[in-house]
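Written below as structure tokens is the structure these notes are about.
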Amino acid sequence: MTATATRPQGAAPPATGGKRAPKRERQGAAWVFLSPWVLGAAVLTLLPMAVSLYLSFTDYDMFDAPQWIGFRNYTQMFTEDPRYWRSVVTTLTYVVIAVPLQLAMALAVAIALKSVKRGKGFYRSAFYAPSLLGASMSIALVWRAIFNDGGSVDNLLSGMGIDIGGWINKPGWAILSVALLTIWQFGAPMVIFLAGLQQIPVELYEAAAVDGASWWRQFRSITIPMLSPVLFFNLVLQMIQAFQVFTPAFAVSAGKGGPADSTLVYTLYLYDRGFTASHMGYASAMAWVLLLAIGVVTAVLFRTSRAWVFYANDTNEGGR
Amino acid sequence: MRGNRTKASCALALVLTLAGTLTGCGGDGGGGSGGKVSLRFTWWGNPDRAARTEEAVKLFEKRHPDIDISTSFAGFDTYKAKLATQAAGGDAPDVMQLDYRQINQYATSGILLNLGEHPELRTSEIDKGLLATGVVDGKQYALPVARGTETMAYDATLWRKAGVPEPTLTWTWNDWAEAMRKLAASPATKGRVGSTDPGQSEDVFEIWLRGQGKSLYTKDARLGFTADDLTRYWEWCTKLRKEGAVSSAEQTTQMDGTVENTPLGRLKSVADFNWDAPVSGYSAIVGEGLKMAPFPVGEDGTPGQYFKPSMFFGASAKTGHPKQAAQFIDFLLNDKEAGAILGASRGIPANDAIRQGVLPKLEGFDQVISTYQKQFEGKLKDPPPAPPKGDTSLQGTFSRDYDQVSYERLSPREAAENYITEAKAELRQ
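As structure tokens, then:
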């Protein structure tokens, strides 16, 4: 899933322009080069999507043929399933905790790394590595072990007199340990922040320093506004990913979303309905509701962005 | 310019990421190898079973150099979900270990091969009663591997030190509860509780019910108990938990189907309910003192415990090599050497000849299991009919609903009502 997020930069359509070759000829070449991607998108994404949409209107147990039941899955989800709503609340809690903390971490580390002169490459890879490893099941399992009762985090804390007795077996703490696992994987937004930071003209800081602006003042009045498009980009992407959190919750709770459903995030409940309870139709309906919900939240973010995202070319000297 | 491009790629990224929501991850492709027939064999179990299975597989490959077996195993919960997905995708493993609860569904959905049509697979030595449990619509879709029954595993050393009378064949649930209280209170157990909270286990609930002459399901595939029965059970468990006689919610919730993560496996309790075959897994942790006791009986002496086929082997209807798959199953079930290697790692063998051969040679814990089973012969009630289609997810629902009780989010009554509602929906009543 994370792979798709990195694809767009490469696949972004070229800016319009160029008038030499006849249009049709250029399009032909474009399609040839695009064909592997288009084929992949059609077979691996669009087709499954269509099937999933169809299944969401059926009762399908994976063994017998799907039976058309209209909107029954959707009405059941909204009106008769308390665990569905519990999973919605859990996911929102997770998003609200994890996304801001992860972005704050990413930005803080990016700022720290920007001024590092020696060993830049080393530090960057060191901070990026968790993002590569962290999404894997094995790290999530290690997480489960160290936050378990008797695990190293628990032992360390009880050594300091804070006796929790394990995080993953306490409803209030379990979701926190899941969030911590995500926050730790701030590598991707960090690299993007780092790129953004390096594009801010140094003159702005120099001018501010001459005027006697404090570090905090410079951060608030120069860094944040100049960085706002990047911040917005990171926010949208991380939020979309956070809504789809699965692996850490699955591993920490051994696939059950426990204790007492406290880590039953949306996709985990979806997985449970589909693969454990064999209600594929219901699971598909859940997936479509998630898609719509993320779409709506993203649209809202785009709306509010007009108020706080500042593009350099909105004023005058954009570009290089 | 830069701003627009950021916006454009942001929008594109959004579309792609959203698309990812719906499709999830892909599966793994199958593979063939040059000249050799290769079979996939999957099963659930623990590391002990894994070691013995690998050894048996190696022997089979040595005898059949043209057949290559690749194995994989997982804990039961994971295995169940993975197998269902593979089966639905038409990619079921060539040979698979199956649970009683899967037979009906898999056979009627055309996933299993009719093994009755394969003469390479001999069934003459397999216990007739057990053999019949793998028959659906008159066809032998699966073969029982072994016979199993439930047990209470306990640390007899601690039990004795605590001065609690040892379990007998006729102890009742009240005797059991009293023993758990005494164990938990004894200084000899150093802060351990008596047992794992039995409230989360549908299997224990079933035996408790049967001790009262009831059952999980009736013969016509309806629920065999009411919300009142379940409320009574969960209230009883809750009382014991609050007294500290059984494990706390924090301990119980860490169970994930492996022996290692049970309270007894984590050395937080003195006893635990389980099936007999996996109990050997405790012996590495608990040590010499590990013993097996019968389940308690109902207050009027009705036993709830029963013998059931512990697991089955079946083959995929879509396998490219049905003959070799049948040969392999035949080897696992009927070969003397294989029987000696596998021992009782999947339960006491269902094959009479193998069982006779294996029993005297059983060592350590397998011997314990076989003597354990012997004491019940002729004393237990009939096993329940195979669970109806639709019950597969109810075990999980059961422990989840009880989680809500043990974390005090719901009362036993509320949780029981929830369970009954979902069970009726799953069984389409």
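Quick mapping for you: the protein sequence lines, in order, are chains A and B.
The first sequence lines up with residues 1 to 320 when you count with full-length UniProt numbering.
The second sequence lines up with residues 1 to 429 when you count with full-length UniProt numbering.
Yeah, the Cβ is synthetic: ideal placement off N, Cα and C, and Gly gets one too.
Alpha-carbon to alpha-carbon, B/Pro65 and B/Ser33:
Residue confidence is low: B/Ser33 scores 44 on pLDDT, short of 50, so the model does not pin down where it sits. No coordinate-derived value is stated.
Limits of the unbroken beta strand (DSSP E) element including B/Met152
For B/Met152, the enclosing beta strand (DSSP E) covers residues 150-155.
Find the nearest neighbour of B/Lys374 within the set B/Lys318, B/Thr149, B/Gly343, judged by alpha-carbon distance.
Selected option, being the one with the closest Cα: B/Thr149.
For A/Ala307 and chain B, any beta-carbon pair shorter than 8 Å?
It does not: the Cβ of A/Ala307 has no partner Cβ on chain B nearer than 8 Å.
Any contact of the stretch 140-155 of chain B with the stretch 306-324 of chain B, i.e. 3+ C-beta pairs under 8 Å?
The answer is yes - the stretch 306-324 of chain B touches the stretch 140-155 of chain B, with three or more Cβ pairs under 8 Å.
Quick test of your reading: B/Ser393 and A/Ala277, contact by CB under 8 Å. State the CB separation rounded to the nearest angstrom.
Contact flag correct, Cβ pair sits at about 4 Å.
CA-CA distance, B/Glu417 and B/Ala227?
Rounded to whole angstroms, B/Glu417 and B/Ala227 show a C-alpha spacing of 6 Å.
Mark A/Met160 as exposed unless 16 or more other C-beta atoms lie within 10 angstroms of its C-beta, in which case mark it buried.
The residue in question, A/Met160, is exposed, as its Cβ has fewer than 16 Cβ neighbours within 10 Å.
Integer Cβ distance of A/Met147 from A/Ile175, believed to fall under 8 Å:
Residue identity differs from the one stated: residue 147 of chain A is Phe in this sequence, not Met. 12 Å between Cβ atoms; not a contact.
Helix, strand or coil at residue 330 of chain A according to DSSP, with G and I counted as helix:
Given that chain A is displayed from residue 1 to residue 320, the structure contains no residue 330 of chain A and the question cannot be resolved.
Cα separation between A/Leu157 and A/Gly295?
C-alpha of A/Leu157 to C-alpha of A/Gly295: approximately 41 Å in a straight line.
So if I threshold CB-CB distances at 9 Å, which residues from the stretch 37-61 of chain B count as touching chain A?
Residues passing the 9 Å Cβ filter: none.
Own chain partners of B/Arg49 with C-beta closer than 6 Å, once the 5 adjacent residues on each side are dropped:
So the list reads Ser345, once near-sequence residues are dropped.
Same chain, Cβ closer than 8 Å to B/Ala162, five either side skipped, listed in chain order
Contacts found: Lys182, Leu183, Ser186, Ala188, Thr189, Val270.
Check the DSSP bridge columns for B/Val347 and list the partner residues they point to.
As written in the sequence, residue 347 of chain B is Gly, which differs from the Val given in the question. As computed with DSSP, B/Gly347 is found in a beta bridge with B/Ser345.
Assign B/Val164 to one of three DSSP states: helix, strand, or coil.
Here B/Val164 sits in coil by DSSP.
Out of B/Pro349, B/Gly110, B/Phe273, which one is the CA nearest neighbour of B/Asp91?
Looking at the Cα atoms, B/Gly110 is the closest of the given residues.
Determine, using beta carbons only, whether B/Arg400 comes closer than 8 Å to chain C.
Protein chains in the displayed structure are A and B, and chain C is not among them.
Does A/Ala277 come within less than 8 Å of chain B when only Cβ atoms are used?
Among the residues facing chain B, A/Ala277 is included, as its CB has a counterpart in that chain under 8 Å away.
Do B/Gly211 and B/Pro303 have their beta-carbon atoms positioned less than 8 Å apart in this structure?
Contact flag set, yes.
Determine, using beta carbons only, whether A/Asp154 comes closer than 8 Å to chain B.
Answer no: the Cβ-Cβ gap between A/Asp154 and chain B never drops below 8 Å.
Burial state of A/Arg220 (16 or more Cβ within 10 Å):
Counting every other CB atom within 10 Å of its CB across the protein chains shown gives A/Arg220 a total below 16, marking it as exposed.
Which same chain residues, not among the five before or five after B/Leu115, have their C-beta less than 6 Å away from its C-beta?
Counting only Cβ-Cβ distances below 6 Å, and skipping sequence neighbours, we find Leu121, Gln140.
Let me check understanding here. Comparing Cα to Cα, which of B/Gln324, B/Thr252, B/Thr85 lies closest to B/Thr196?
Nearest Cα to B/Thr196 within the set B/Gln324, B/Thr252, B/Thr85: B/Thr252.
Tell me whether B/Gly298 sits in a helix, a strand or coil according to DSSP, three-state version.
In the three-state reduction of the DSSP assignment, B/Gly298 falls in the coil class.
Could you pull out every residue in the same chain whose Cβ sits closer than 8 Å to the Cβ of B/Thr421, ignoring the five residues on either side in sequence?
If we look at B/Thr421 and ignore the five residues flanking it on each side, it has no Cβ neighbours.
Distance check for A/Leu268 and B/Trp173, CA to CA, integer angstroms please.
Linking B/Trp173 to A/Leu268 through their CA atoms gives a straight-line distance of about 37 Å.
What does DSSP give as the partner residue(s) for B/Ala293 in the beta ladder?
For B/Ala293, which the question treats as bridged, DSSP gives the partners B/Met152.
Which one of B/Leu158, B/Ala84, B/Arg266, B/Asp401 has the shortest CA to CA distance from B/Glu288?
The shortest C-alpha separation from B/Glu288 is found at B/Leu158.
Report the rounded CA-to-CA distance for B/His278 versus B/Val405, giving the unit in angstroms.
Here the sequence assigns Pro to residue 278 of chain B, which means His is not the residue at that position. Their backbone Cα atoms lie some 27 Å apart in a straight line.
Bridge partners for B/Ala74 per DSSP, in chain order?
The partner list for B/Ala74 (beta bridge, DSSP) reads B/Trp44.
DSSP three-state assignment for B/Trp171, whether helix, strand or coil
In this structure, B/Trp171 counts as coil in the three-state DSSP scheme.
Neighbourhood of A/Val309 by C-beta distance below 7 Å, restricted to the same chain and skipping five residues each side
Only Ser228, Pro229, Phe232 meet the Cβ criterion.
Which chain B residues sit within Cβ distance under 8 Å of A/Ala98?
Annotation: A/Ala98 has no Cβ neighbours in chain B at a cutoff of 8 Å; minimum Cβ distance is about 16 Å.
Which value, in whole angstroms, describes the spacing of the CA atoms of A/Tyr266 and B/Pro388?
Separation of A/Tyr266 and B/Pro388 (C-alpha to C-alpha, rounded to the nearest whole angstrom) is 29 Å.
Determine the DSSP secondary structure at A/Phe78, reduced to helix, strand or coil.
In the three-state reduction of the DSSP assignment, A/Phe78 falls in the helix class.
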